[in-house]
Each structure stands twice: as structure tokens, then as C-alpha cells.
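Shown next, in C-alpha cells, is the structure this report addresses.
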Amino acid sequence: MKKIAYVELDTHAEIAANFMELMDDSQEFEVDYFFSERIHKQIDKSNSSISLSSFATIDRQLQLRPYDLLIIGTVHRNFAVFNKICCRTNAVIIVHNLNFLKLSKWQLLQSVFKKDFQYRLKLLLKEGLLLAPRVFRNAHHLAVLDPYLANRQFVFLPVFFNHSNESDTTEHFTIVIPGTVSQQRRDYFSVIQRLKKADNDLKSGHSTMENRNFQIVFLGKAKGEELVWLKDLRSELKFFDIVFFEEKVPQNQYEEWMKEAHVLWCPVQLRTEFFNHSESYGSTKMSGNIGDAIRYGKMAFFPQGISTGYPFVINDQDDDVFYFKNESRYDFQQEFNKENVRKKLENVLKSLL
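Numbering (the working numbering), first residue to last: 6 to 358.
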């Protein structure tokens, strides 16, 4: 069997967990996992193939055993460490922000003074920030998690598969908006305005929308101005039951709400920033809500401007999300069943050896 090392020391624990679950059944590959303590806690699995690691120890740990392939889940810091590792191994880096790879040393240096000064100064002085372009050049392969972002430079690494197709049987019609409640990341202001309009139309009797016992779940921690918005919204609406959270949502509770959802509403901002440079969902960055939709087998409404070829993604127009019918569902098991995705993943991994 070929030997793979999977390293995740920073973030994206859910991607590492998906990869682990897929490869547990593999007869082709043996995988060792190197996780930071924080990532290990988030994954919450006991496995003899998992080793606790850190940026201070990972280089030494990887030298204890020969690997045919090294997968690095996130390279957003400690560039000097990863550059050293990539220079001597067959490494593939999962890229989450495609425009970040295009930044020059000068642009990276400028970014230090634009935002998060203390953190970025540490990256510059102690973690080799200016080596970032070299890390990606030295990696043998670069991977993306969305097939519609793949090209000659980026190979598609399939890790998302369907876990559940449970549909809600409660008396509510539940619309879930997954993710931390931050206007910077998603257009909650627009969501709130549309909810107010729909509620007023139902109150006046001028709406063609039926009263479906709507339940709108903002499935992520809300704080600051956004929390005030949601509290005001809950007290104002008559036909919509508003659910929100003031603390981080526990994973088991997150999963229960996702299973209960009739549909996902994903009002992601068309453009976001990483290191003060623009990234665009659908063209240089993948929304994590795509993975949510696949995992839980839910149709998902995304803004019209986001380019995606997924058949389960619906363009969010007017009040369509409130009219959604269950018969519009997509068969996630046909394309995204675990065995099918595992075989595709194994074929990709073989091509990287």
C-alpha cells in the first residue's frame, strides 16, 4: 500500500475529517494524520493513525517515515516550515484562495500594514510571510475542492460526500442559513429586508405565498451589530419564527438543524478578501456551504452572481426560497455517495504519486 501523510495544523478540520472518513475504507492507501491539538479536538476521533503535531515539530515528524505523498490542508501561515517540507517531499497543497497565490512579495509586505498588524507582523518576522509564493511554487501539486475551479494548474480533490438525506417532518418549513453571522461574509442585511417584506405581505393579505409556519435558522454565532439586528427581527415578525445563537453552535446541534432543514439559504457576499486582496466565490474561492449541501443532501439558494455548475444550487431570485417545494430535490446519492467519491479520490491520489 502507498503511504500518505495528511497535515492540518491551522483550520479546515471538516475537510480533514471528510478525507479521513473516506480513506478509512481504502485498500489502496495507508494514511497517517498530523493534527494540531485544536484540529484534533474539532474532529473528535480516536485513531491510531493520528499524531498530535505543531509547526515546531511537524518537519521532524515527517522525517521519521517515508511517504509517497504529503497532503497539506492549509498553508496560511508558517510559510518557512512548509517551504522546507515542500522542497524535499512530493507535496500537494489544498488551495482555498486562488488569488492569494498571485501575490508578490511586495503585495504581501503591503498587506501587513493594512489590517491585523500585530498578527501579520508576526507572520513577516517569524513565519516567513514573504516565502509564501515560493511555497506554492515548490509544491509538486496544487489542489482545489471544487471541480469548477480546477484547471491545468489546480487538480480537483474530491472530499465531499453525502452523509444524510433526511427530510424534515416537523410542522415548520425550516430554512437554514449556515455559518457565522457576519455581514462581511454574508449579506444578512438583504436577508433581513426580504424577511420583513415577506412578513408584511402576509400580514396585508396581498401575498401569493402560503403561510407555511416558516422557521428561519441563523445557524452560527451572532454578535455585535448583527445580533442586535436578529433580536429586533425576532420581535417584529409575525409569520416567521426566528432562531439564532449567541454562542458557537455545538457540532451535534449544528448537524441536527442541518438535517431538519427543508432548504439552505446561502447569501454569501459575491466578493470577499484574503490578505486584503479580492477573492470571488465561484471563480477563485469555494463556499463551504457547497460542502454543507452535499453532506446533508439539501438544495441550496445562492446569489445569482455566483457561478457554479452544481445541479443542487438554485439562483436566489425574489422570494423563491419561500416557495421552495420538496419535489424539487436532487438525488445526492447518485453522484455523491461515499463509495463513489472514495473511488474518485483514490484515482486522483494515484495520479499524484
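Where a beta carbon is used, it is the ideal one built from N, C-alpha and C, also for glycine. No experiment lies behind these values; they were computed from the predicted model shown.
**Asked** Which term fits residue 28, buried or exposed, when burial requires 16 or more other beta carbons within 10 angstroms of its beta carbon?
**Response** buried
**Request:** Starting from residue 8, follow its DSSP beta bridges and name the residues at the other end.
**Result:** 35
**Asked** Do the region 269-276 and the region 250-259 meet, that is, are 3 or more Cβ pairs less than 8 Å apart?
**Response** no
**Asked** Should residue 125 go down as buried or exposed, given a rule of 16 or more other Cβ atoms within 10 Å for buried?
**Response** buried
**Prompt:** Among the residues of its own chain, which have a CB less than 7 Å from the CB of residue 36, if the five just before and after it don't count?
**Reply:** 9, 11, 28 and 54
**Item:** Minimum length 4: unbroken alpha helix (DSSP H) runs contained in the region 34-122
**Value:** 42-48, 63-67, 84-93 and 110-117
**Asked** If we call anything under 8 Å between Cβ atoms a contact, is residue 298 one with residue 317?
**Response** yes
**Prompt:** What are the start and end residues of the alpha helix (DSSP H) that includes residue 256?
**Reply:** 256-265
**Message:** Using 8 Å as the threshold, is the C-beta distance between residue 100 and residue 140 below it?
**Reply:** no
**Prompt:** Going by beta carbon distance, what residues of the same chain come within less than 6 Å of residue 221, once the five residues before and after it are set aside?
**Reply:** 180, 245 and 247
**contact_flag[the region 135-149, the region 98-113] where n(CB pairs < 8 Å) is 3 or more** = yes
**Message:** With H, G and I counted as helix, E and B as strand and the rest as coil, what does DSSP make of residue 299?
**Reply:** helix
**Prompt:** Run through DSSP, which three-state label would residue 269 get?
**Reply:** Residue state, collapsed to three classes: strand.
**Prompt:** How is the beta strand (DSSP E) around residue 160 delimited, first residue to last?
**Reply:** 159-161
**Asked** On the three-state DSSP scale, how would you describe residue 167?
**Response** coil
**Prompt:** For residue 31, which residues of its own chain have a beta-carbon under 8 Å away from its beta-carbon, when the five flanking residues on both sides are left out?
**Reply:** 347 and 351
**residue 353 vs residue 74 beta-carbon contact at 8 Å** = no
**Prompt:** Are residue 301 and residue 168 closer than 8 Å when you measure CB to CB?
**Reply:** Between residue 301 and residue 168, the gap from beta carbon to beta carbon is short of 8 Å.
**Pick from 261, 97, 210 and 326 that is closest to residue 142, judged by C-alpha positions** = 97
**Asked** Under the DSSP definition of a beta bridge, which residues are partnered with residue 191?
**Response** According to DSSP, residue 191 bridges with 273.
**Message:** Excluding the 5 residues flanking residue 7 on each side, which residues of the same chain have their C-beta closer than 6 Å to its C-beta?
**Reply:** Excluding sequence neighbours, residue 7 sits near 34 and 73.
**Item:** Supposed contact pair residue 275 and residue 310 - C-beta distance, whole angstroms, cut 8 Å
**Value:** 5 Å
**Request:** Name the one or two DSSP bridge partners that residue 183 has.
**Result:** 224
**Close Cβ partners of residue 165 (< 8 Å) along its chain, the five nearest in sequence each way excluded** = 23, 150, 295, 296, 299, 300, 341 and 346
**Asked** Is it the case that the Cβ atoms of residue 63 and residue 130 are separated by a distance below 8 Å?
**Response** no
**Asked** For residue 213, does the count of other Cβ atoms within 10 angstroms reach 16, so buried, or fall short, so exposed?
**Response** A residue is called buried once 16 or more other Cβ atoms fall within 10 Å of its Cβ, and residue 213, having fewer, is exposed.
**Request:** With DSSP collapsed to three states, give me the class of residue 321.
**Result:** strand
**Item:** Contacting residues, own chain, Cβ-Cβ under 7 Å from residue 16 (five flanking each side not counted)
**Value:** 79
**Asked** For the candidate residues 306, 69 and 18, whose alpha-carbon lies nearest to that of residue 196?
**Response** 306
**Prompt:** Does the Cβ-Cβ distance between residue 273 and residue 191 come in under 8 Å?
**Reply:** yes
**Asked** Exposed or buried, what is residue 223 when buried is set at 16 or more other beta-carbons lying within 10 Å of its beta-carbon?
**Response** Per the 10 Å Cβ criterion, buried.
**Prompt:** Looking only at its own chain, which residues have a Cβ that is under 6 Å from the Cβ of residue 285, when we skip the five neighbours before and after it?
**Reply:** 276
**Asked** Around the Cβ of residue 42, are there at least 16 other Cβ atoms within 10 angstroms (buried) or fewer (exposed)?
**Response** Its Cβ having fewer than 16 others within 10 Å, residue 42 is exposed.
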